[in-house]
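Comments concern the structure below.
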Amino acid sequence: MKLRVQQVGIVGIAIAASFLTVSCTSDKLSQCASMIEVVNQTVIDTKTTTESGTKGDVPTIEKLVGIFDKAAKDLSSVNVSDEKLKTYQSQFLTMYQGATEINKQLVASIKERKSTKVHESLRKSRNIFSPERDLATGLTQYCKAPEK
(Lines of atoms letter the chains of each structure in order from A and count residues from 1; the text may use other names and numbers.)
(Lines give C-alpha, C1' and ligand atoms only; values in the text may rest on other atoms or scores of the structure.)
Protein backbone atom coordinates (compact mmCIF):
# COMPACT_ATOMS: atom_id res chain seq x y z
CA MET A 1 0.00 0.00 0.00
CA LYS A 2 1.31 3.40 -0.83
CA LEU A 3 -0.21 6.07 1.34
CA ARG A 4 -0.47 9.32 -0.47
CA VAL A 5 0.46 12.06 1.92
CA GLN A 6 0.94 15.23 -0.02
CA GLN A 7 3.99 16.40 1.82
CA VAL A 8 4.93 18.92 -0.83
CA GLY A 9 2.19 21.29 0.31
CA ILE A 10 2.97 20.84 3.96
CA VAL A 11 6.66 21.50 3.43
CA GLY A 12 5.69 25.09 2.68
CA ILE A 13 4.48 25.33 6.24
CA ALA A 14 8.01 24.68 7.43
CA ILE A 15 9.04 27.91 5.74
CA ALA A 16 6.31 29.79 7.55
CA ALA A 17 7.32 28.18 10.83
CA SER A 18 10.84 29.49 10.42
CA PHE A 19 9.66 33.05 10.97
CA LEU A 20 7.13 32.22 13.64
CA THR A 21 8.06 31.63 17.23
CA VAL A 22 5.91 30.78 20.17
CA SER A 23 7.28 33.82 21.97
CA CYS A 24 5.65 36.17 19.45
CA THR A 25 3.50 38.81 21.02
CA SER A 26 0.82 38.43 18.38
CA ASP A 27 -1.96 35.98 19.21
CA LYS A 28 -2.35 35.17 15.52
CA LEU A 29 1.34 34.39 15.10
CA SER A 30 1.43 32.32 18.27
CA GLN A 31 -1.64 30.37 17.20
CA CYS A 32 -0.17 29.89 13.71
CA ALA A 33 3.09 28.62 15.18
CA SER A 34 1.28 26.11 17.37
CA MET A 35 -0.84 24.79 14.52
CA ILE A 36 2.08 24.64 12.13
CA GLU A 37 4.15 22.75 14.68
CA VAL A 38 1.48 20.02 14.96
CA VAL A 39 1.02 19.77 11.19
CA ASN A 40 4.77 19.63 10.52
CA GLN A 41 5.32 16.97 13.18
CA THR A 42 2.53 14.91 11.69
CA VAL A 43 4.12 15.08 8.25
CA ILE A 44 7.53 14.13 9.67
CA ASP A 45 6.11 11.22 11.68
CA THR A 46 4.04 9.99 8.72
CA LYS A 47 7.00 10.16 6.35
CA THR A 48 9.31 8.40 8.81
CA THR A 49 6.76 5.64 9.42
CA THR A 50 5.93 5.03 5.77
CA GLU A 51 9.59 5.05 4.73
CA SER A 52 10.78 2.78 7.55
CA GLY A 53 7.96 0.26 7.54
CA THR A 54 6.78 -2.24 5.01
CA LYS A 55 4.12 -0.52 2.98
CA GLY A 56 0.75 -2.10 3.54
CA ASP A 57 1.61 -4.14 6.58
CA VAL A 58 -0.63 -3.96 9.61
CA PRO A 59 2.00 -2.67 12.09
CA THR A 60 2.85 0.26 9.81
CA ILE A 61 -0.81 1.14 9.31
CA GLU A 62 -1.42 0.86 13.05
CA LYS A 63 1.44 3.29 13.65
CA LEU A 64 -0.21 5.67 11.20
CA VAL A 65 -3.47 5.38 13.13
CA GLY A 66 -1.59 6.48 16.23
CA ILE A 67 0.07 9.35 14.40
CA PHE A 68 -3.18 10.71 12.99
CA ASP A 69 -5.01 10.23 16.29
CA LYS A 70 -2.24 12.10 18.13
CA ALA A 71 -2.30 14.85 15.51
CA ALA A 72 -6.04 15.30 15.96
CA LYS A 73 -5.69 15.45 19.75
CA ASP A 74 -2.72 17.82 19.62
CA LEU A 75 -4.38 20.09 17.10
CA SER A 76 -7.65 20.20 19.02
CA SER A 77 -5.71 21.23 22.14
CA VAL A 78 -4.35 24.33 20.38
CA ASN A 79 -6.32 27.27 21.72
CA VAL A 80 -7.40 29.21 18.65
CA SER A 81 -9.36 32.46 18.87
CA ASP A 82 -8.75 33.73 15.33
CA GLU A 83 -11.80 32.80 13.23
CA LYS A 84 -9.85 32.00 10.06
CA LEU A 85 -7.45 29.80 12.03
CA LYS A 86 -10.43 28.04 13.62
CA THR A 87 -11.56 27.14 10.11
CA TYR A 88 -8.13 25.75 9.21
CA GLN A 89 -8.00 23.89 12.52
CA SER A 90 -11.40 22.34 11.85
CA GLN A 91 -10.42 21.26 8.34
CA PHE A 92 -7.16 19.68 9.49
CA LEU A 93 -9.02 17.97 12.34
CA THR A 94 -11.55 16.54 9.90
CA MET A 95 -8.70 15.21 7.78
CA TYR A 96 -6.76 13.68 10.69
CA GLN A 97 -9.83 12.20 12.37
CA GLY A 98 -10.98 10.79 9.04
CA ALA A 99 -7.54 9.31 8.40
CA THR A 100 -7.60 7.70 11.84
CA GLU A 101 -10.94 6.02 11.18
CA ILE A 102 -10.12 4.99 7.61
CA ASN A 103 -6.85 3.40 8.66
CA LYS A 104 -8.57 1.57 11.53
CA GLN A 105 -11.03 0.19 8.96
CA LEU A 106 -8.13 -0.72 6.69
CA VAL A 107 -6.42 -2.71 9.45
CA ALA A 108 -9.66 -4.53 10.23
CA SER A 109 -10.25 -5.30 6.54
CA ILE A 110 -6.73 -6.66 6.11
CA LYS A 111 -7.06 -8.83 9.18
CA GLU A 112 -10.43 -10.12 7.93
CA ARG A 113 -8.94 -10.63 4.44
CA LYS A 114 -11.75 -8.70 2.79
CA SER A 115 -10.13 -7.35 -0.36
CA THR A 116 -13.14 -5.28 -1.42
CA LYS A 117 -13.08 -3.42 1.89
CA VAL A 118 -9.31 -3.04 1.66
CA HIS A 119 -9.61 -1.40 -1.76
CA GLU A 120 -12.41 0.85 -0.51
CA SER A 121 -10.35 1.93 2.50
CA LEU A 122 -7.34 2.65 0.28
CA ARG A 123 -9.51 4.81 -1.97
CA LYS A 124 -10.89 6.68 1.02
CA SER A 125 -7.37 7.13 2.38
CA ARG A 126 -6.21 8.78 -0.83
CA ASN A 127 -9.28 11.01 -0.88
CA ILE A 128 -9.06 12.12 2.75
CA PHE A 129 -5.70 13.78 2.04
CA SER A 130 -6.72 15.45 -1.21
CA PRO A 131 -7.29 18.85 0.46
CA GLU A 132 -3.99 18.72 2.34
CA ARG A 133 -1.94 20.78 -0.10
CA ASP A 134 -4.55 23.53 -0.37
CA LEU A 135 -4.99 23.62 3.41
CA ALA A 136 -1.26 23.87 3.98
CA THR A 137 -0.84 26.57 1.37
CA GLY A 138 -3.80 28.53 2.71
CA LEU A 139 -2.61 28.28 6.31
CA THR A 140 0.89 29.36 5.33
CA GLN A 141 -0.34 32.33 3.32
CA TYR A 142 -2.72 33.41 6.06
CA CYS A 143 -0.02 33.15 8.70
CA LYS A 144 2.42 35.15 6.57
CA ALA A 145 -0.07 37.96 5.97
CA PRO A 146 0.34 41.00 8.20
CA GLU A 147 -2.32 41.56 10.79
CA LYS A 148 -4.82 44.29 10.14
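Quick note: the sequence shown uses my numbering, first residue 220, plus one each step. Even for Gly, the Cβ is constructed at its ideal location relative to N, Cα and C.
| message | Using the three-state DSSP reduction, which class does Asn298 fall into: helix, strand or coil? | response | Coil.
| task | Flag this pair as yes or no: are the beta carbons of Ala364 and Val258 separated by less than 9 Å? | result | No, they are not a contact pair.
| said: Just to confirm before moving on: does the CB-CB distance between Leu312 and Leu294 stay below 9 Å? | reply: The answer is yes: Cβ separation under 9 Å.
| field | Candidates Ala252, Cys251, Val262 and Ile280, of which the one nearest Leu322 by Cα | value | This sequence places Asn at residue 322; Leu is not what is there. Among Ala252, Cys251, Val262 and Ile280, the Cα nearest to that of Asn322 is on Ile280.
| Beta-carbon separation of Thr335 and Ile255 under 9 Å? | Ile255 is positioned such that its CB atom lies no closer than 9 Å to that of Thr335.
| query | Where does Ser271 fall in DSSP's three states? | reply | In the three-state reduction of the DSSP assignment, Ser271 falls in the helix class.
| task | Would you identify the three-state DSSP class for Phe348, choosing helix, strand or coil? | result | Secondary structure at Phe348: coil, using DSSP grouped into helix, strand and coil.
| Proximity below 9 Å, CB of Glu339 to CB of Ser328 | Yes. Within cutoff.
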